[in-house]
Amino acid sequence: MVSDEIQRLKAKMDGLVREQADRRAMLERQGEEIKAKSQEYMTKQVQAAERYVQHRRELGRREREAGGWGTEKTLAEKNTVMGFGPEGDEAGRRAPEPYSAPTTESIPSPPPETTERTPAPRQGRHTRKDDFDEDDFSNNSWLG
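No gaps in the numbering here: position 42 of the sequence shown is 41 in numbering that gives the first Met the number 0, and each next residue is one more.
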């Protein structure tokens, strides 16, 4: 009887130890996952910060080259500057498309016109005209 109770308590204790070990392993695994995610996030943040610093250095270099004038033209991206002249024209030139006669299949026919008109609603007895402006004093002579 005592030995049965001891065996039962030992089994219960072993179960609790196993459960605690499983929980510890789960917490360690979650901690590693969180650590990996935060490491990845921080790596992305560092890369973004490096790109920003590089961009600011480039803007500072352009400003110094322009004699200290930080204008829109000097700070603009070089690849967005439009090219003028013969070299710019040749890059955008394409061969003209061959002429094709318009077909009537692609043009939708207009809807038939209705000849029936609805009469305009009657105006009220004291309605003002739309062109009347109460604040318009242009018809007044201000000289006397």
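Virtual Cβ for every residue (Gly too), placed ideally from N, Cα, C.
Alpha-carbon spacing of K43 relative to Q29, whole angstroms: Going by the C-alpha atoms only, they are around 21 Å apart.
Inter-residue spacing [alpha-carbon to alpha-carbon] between A24 and G14: 15 Å
Close Cβ partners of S108 (< 7 Å) along its chain, the five nearest in sequence each way excluded: none
Boundaries of the alpha helix (DSSP H) in which K22 is found, first to last residue: Rather than Lys, the amino acid found at residue 22 in this sequence is Arg. Start and end: V1 to E64.
Collapsed DSSP secondary structure at E71 in the structure displayed: helix
C-alpha gap between E71 and L58, whole angstroms: 11 Å
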